[in-house]
Amino acid sequence: MATVELRNVRKQFGNHEVIHGIDLLIQDHEFIAFVGPSGCGKSTLLRMIAGLEQVTDGEVLIDGSPAQDVPPAKRGLAMVFQSYALYPHMTVAENMSFSLRLSGASKAEREQKVRAVARILEMEPLLERKPSQLSGGQLQRVAIGRAMVRQPKAFLMDEPLSNLDAALQGQMRLELARLHRELNTTMIYVTHDQLEAMTMADRIVVLNEGNVEQLGSPLELYQHPATFFVAGFIGAPKMNFLDAEIKTVGEQSLTLALASGASVVVPRPLQELNGDEKIRLGVRAEHLALEQEGDLRGEIEALEHLGPRAYIHARLADGARLVAQTDGDTQARPGDRVAFRVRSEATHLFNASGKALTRPGPQTPLS
Amino acid sequence: MRRIGQTRWGLAVAAWAIALGMFFPILWMFLCSFKTEIAAVAVPPKLFFRPTLENYYAVLQRADYLAFARNSVLVSLGSTLLALALAIPAAYSMAFFPTRRTRDILLWMLSTKMLPAVGVLVPIYLLWRDLGLLDTVFGLILIDSISVLPIVVWMLFSFFREVPAVILEASRMDGATQTEELLHVLLPLCTPGIAATALLSIILCWNEAFWSLNLTTVKAATLTNFTASFSSPEGLFWAKLSAASTLSIAPILIFGWMSQRQMVRGLSFGAVK
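Residue numbers (this note's numbering), protein chains in the order written: chain A, 901 to 1267; chain B, 70 to 342.
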């Protein structure tokens, strides 16, 4: 059980700074996910917490005490690696008990702890096998088991599911969430897959080019992205973005002229606005409704049927593409000319520098 | 299909021809060691003859074979152990914590093998004399291990590089110190590679003649001295020289033959995949 705190942490490789001063407090028992595109610094950040990477500047505190000069072996953390990193020359049981062997635990104690963890992960029959005799999913379990045996202060997980197939990923996501509930230990989870972060984490840190873009609960990030980057990164399908110009600024509303010629009325944001400012309108697929009198006119390019719902990929008059969610039994066909109505109360506005403009009214989850 | 078959045959014949060509001198030496001195130098060479053991008898009468053999074993094993002890940490550091200069250091180490040993004979001789290392087994172990060190480091470096660094990181997360990481993870993973390196080093040290001829006389003399002592300036006794040579290379040949499987496994070792 541990808190992990980062204070103005920076990392340079040579002359190239990859982490630009990050402050973060990870609470005890929390499941926190670092997400971002590859190269955003999320793995480097995790490796600095682990001690596998030196901190160039700033402080890492584990349970309140400075740890940046403590070697990884002494930090009391356990890590699960993307490539599993099991010891190929040891059996599963030996892999799992290696840390206990190093700390001088007796054979009986080692066996008992390994058995206990193997039971939780349902892999008792595998204990005497070598890693080369296991499937990807089994290797993953062993790697998690090896981390659990140590009873660490916190688990660090570096893209642990990305080498598994989609079905197994779904299953392991549930299992990790269950493990977190049962073990009640701090988990720091790195992934490039926003879906993993959304489904498992209590809080998500979105990283981009070595900076924190936004920190918040999955729903906060989904419903109130602070930046253009977060809006585009969180949620699948990706949020639709349309270039717009401000036509008129009213008391309560804002009329936007879109590049396609259509105009959309949205609630007026709290910020002051210049009349000629270029902004971007963001709309999620589920906030576009197929309606004859809609503002956005275009042609259907493709349809994705997912059963309970379908996604319409359409192209507007000016060439902009967008995705709209509709019922699974839609009769629309590719080539159809259609119109969409924008649910304007659920739109997002971003200024030229990529910052979100604040919607009026309560900042509560939208229905 | 037919062309592939022909190429295969061609390659097989060529390989056999080269192998026989390389092996022939050894075979001839072996045969000569069972001939009389006259038969050994007969022209045209005799392929069929009455074998005799008189050369072996004479050779063993004249010199204490076992003493030389013991020194050879001590020197080749000792040098190999010392070279490994120095090379393992060096290769570990270069493979897993490379700096901008690592490549240069590796090349520099190899370049020392291009220096003819005789170029440093005088300084080494004087050093060894002053240190009291002349004609000692330890002195020979020291110089032999230094001379195989570049090759040992290079081989270990390339084997270590095959091990994913993340496995060592995992052991660090598991609480291993650097020594434990080396002993419990890296070395067991590289056993085939280390074995191949050790075998090669033993063979090189066994066959090493230059330093043992120049730095030893009696007490620490190895089998290469033993062989050389039969090539006398007042006329060569081919049969006896052949017998001495056969006795010198027999142990390492048998050793090499027994360990060739290990050697091939080590040299073609794909680490952890």
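Yeah, the Cβ is synthetic: ideal placement off N, Cα and C, and Gly gets one too.
Fair warning: this is a prediction, and the values are worked out from it, not measured in the lab.
7 Å Cβ cut-off: residues of chain A touching residue i
i: Ile263 (chain B); result: Within 7 Å Cβ-Cβ: nothing; Ile263 (chain B) doesn't reach chain A, min ~13 Å.
i: Leu258 (chain B); result: Pro988 and His989
i: Val254 (chain B); result: Tyr987
Backbone CA spacing between residue i and residue j [nearest angstrom]
i: Gly1254 (chain A); j: Asn1063 (chain A); result: 33 Å
i: Pro1025 (chain A); j: Met163 (chain B); result: 40 Å
i: Glu1109 (chain A); j: His1092 (chain A); result: 13 Å
i: Thr315 (chain B); j: Pro219 (chain B); result: 29 Å
i: Gly1150 (chain A); j: Asp1176 (chain A); result: 14 Å
i: Val341 (chain B); j: Pro257 (chain B); result: Low local confidence applies: a pLDDT of 43 at Val341 (chain B) is under 50, so the model's placement there is unreliable, with the coordinate-based value given in what follows. In a straight line, the C-alpha of Val341 (chain B) is about 11 Å away from that of Pro257 (chain B).
i: Ala160 (chain B); j: Arg1215 (chain A); result: 59 Å
i: Val232 (chain B); j: Leu255 (chain B); result: 8 Å
i: His253 (chain B); j: Leu925 (chain A); result: 36 Å
i: His989 (chain A); j: Leu1034 (chain A); result: 13 Å
i: Gly188 (chain B); j: Lys942 (chain A); result: 55 Å
i: Gly79 (chain B); j: Trp223 (chain B); result: 34 Å
i: Arg334 (chain B); j: Cys259 (chain B); result: 11 Å
i: Asn915 (chain A); j: Thr956 (chain A); result: 11 Å
i: Met242 (chain B); j: Leu1107 (chain A); result: 25 Å
i: Leu977 (chain A); j: Ala1256 (chain A); result: 37 Å
i: Leu282 (chain B); j: Ser145 (chain B); result: 15 Å
i: His1187 (chain A); j: Glu1082 (chain A); result: 37 Å
i: Gln968 (chain A); j: Gly325 (chain B); result: 51 Å
i: Lys1178 (chain A); j: Ser1153 (chain A); result: 17 Å
i: Ala1077 (chain A); j: Pro1137 (chain A); result: 24 Å
i: Leu195 (chain B); j: Leu202 (chain B); result: 10 Å
i: Leu1266 (chain A); j: Ile962 (chain A); result: Note that Leu1266 (chain A) has pLDDT 46, beneath the 50 cutoff, so the model's placement of it is unreliable and no number is given.
i: Trp46 (chain B); j: Gly147 (chain B); result: A query on residue 46 (chain B) cannot be resolved here, the shown segment of chain B reaching from 70 to 342 and no further.
Nearest candidate by alpha-carbon position, reference residue i, set the options
i: Ala297 (chain B); options: B:Ala313, B:Ala308 and B:Lys288; result: B:Ala313
i: Arg1001 (chain A); options: B:Arg119, B:Glu249, B:Ala83 and B:Ala84; result: B:Glu249
i: Arg1241 (chain A); options: A:Val1166, A:Ala1144 and A:Pro1260; result: A:Val1166
i: Asp1236 (chain A); options: A:Phe1250, A:Ala1256, A:Ala1252 and A:Ile1212; result: A:Ile1212
i: Leu322 (chain B); options: B:Phe166, B:Ala290, B:Ser281 and B:Leu269; result: B:Leu269
i: Ala308 (chain B); options: B:Trp85, B:Thr76, B:Ser141 and B:Ser102; result: B:Ser102
i: Met1023 (chain A); options: A:Thr991, A:Asp928, A:Glu953 and A:Ser983; result: A:Thr991
i: Leu100 (chain B); options: B:Phe118, B:Trp223 and B:Gly90; result: B:Phe118
i: Thr205 (chain B); options: B:Leu143, B:Phe226 and B:Leu190; result: B:Leu143
i: Glu1028 (chain A); options: A:Ile1179, A:Thr903 and A:Met996; result: A:Met996
i: Arg1041 (chain A); options: A:Leu1061, A:Lys1053, A:Pro1052 and A:Phe1133; result: A:Leu1061
i: Ala1239 (chain A); options: A:Ala1162, A:Glu930, A:Gln1171 and A:Glu1172; result: A:Ala1162
i: Asp1218 (chain A); options: A:Arg1209, A:Asp1227, A:Ala1224 and A:Gly1198; result: A:Gly1198
i: Arg975 (chain A); options: A:His1248, A:Gly964 and A:Gly1116; result: A:Gly964
i: Glu238 (chain B); options: B:Pro120, B:Phe165, B:Trp197 and B:Ala290; result: B:Phe165
i: Glu1075 (chain A); options: A:Glu953, A:Arg1015 and A:Thr1099; result: A:Thr1099
i: Ala1202 (chain A); options: A:Leu1181, A:Gln1192 and A:Gln1225; result: A:Gln1225
i: Met948 (chain A); options: A:Ser938, A:Val960, A:Cys940 and A:Lys1053; result: A:Val960
i: Asn1174 (chain A); options: A:Arg1015, A:Leu1039, A:Ala1252 and A:Gln1012; result: A:Ala1252
Rounded distance between the beta-carbons of residue j and residue i, thought under 8 Å
i: Arg1243 (chain A); j: Ala1157 (chain A); result: Incorrect: roughly 19 Å between the Cβ atoms, too far for contact.
i: Ile1088 (chain A); j: Leu1056 (chain A); result: 5 Å
i: Gly958 (chain A); j: Val970 (chain A); result: That pair is no contact at about 15 Å.
i: Ala1131 (chain A); j: Ala1220 (chain A); result: No, Ala1131 (chain A) and Ala1220 (chain A) are not in contact; Cβ-Cβ is about 16 Å, not under 8 Å.
i: Arg1259 (chain A); j: Pro1169 (chain A); result: 6 Å
i: Ala906 (chain A); j: Ile922 (chain A); result: The sequence given here has Leu at residue 906 (chain A), not Ala. At roughly 5 Å, the Cβ-Cβ gap stays under 8 Å, so Leu906 (chain A) and Ile922 (chain A) are in contact.
i: Val1049 (chain A); j: Val1017 (chain A); result: 5 Å
i: Phe295 (chain B); j: Phe137 (chain B); result: 4 Å
i: Val1183 (chain A); j: Met1139 (chain A); result: 7 Å
i: Ile271 (chain B); j: Thr149 (chain B); result: 5 Å
i: Val217 (chain B); j: Leu273 (chain B); result: 5 Å
i: Gly1037 (chain A); j: Leu1068 (chain A); result: 5 Å
Within chain A, partners of residue i - CB distance below 9 Å
i: Thr246 (chain B); result: Pro971, Ala973 and Leu1002
Cross-chain neighbours of residue i in chain B, by beta carbon under 7 Å
i: Tyr1089 (chain A); result: Result: empty, since nearest Cβ-Cβ is about 16 Å, beyond 7 Å.
i: Phe981 (chain A); result: Val235 and Ala239
Proximal residues of chain B, C-beta to C-beta of residue i below 9 Å
i: Leu977 (chain A); result: Met242
Under 8 Å by beta carbon: chain A residues contacting residue i
i: Glu249 (chain B); result: Leu1002
Near the ligand ADP: residue i beta-carbon under 7 Å from a heavy atom
i: Phe324 (chain B); result: The model depicted lacks the ligand ADP and carries no ligand whatsoever.
Looking at chain B, which residues of the stretch 1097-1109 of chain A have a Cβ within less than 8 Å of any of its Cβ atoms?
none
Where the stretch 228-243 of chain B meets chain A: residues whose CB sits under 8 Å from a CB there:
Pro233, Val235, Ile236, Glu238, Ala239, Ser240, Arg241, Met242 and Asp243
Give, in chain order, every residue of the stretch 983-1014 of chain A whose Cβ lies closer than 7 Å to some Cβ of chain B.
Ser983, Ala985, Tyr987, Pro988, His989, Phe998, Ser999, Leu1002 and Ser1003
Pull out every residue of the stretch 925-957 of chain A whose Cβ sits closer than 7 Å to any Cβ of chain B, in chain order.
Ala950 and Leu952
Selection of the stretch 268-281 of chain B by Cβ proximity to chain A, strictly under 7 Å
none
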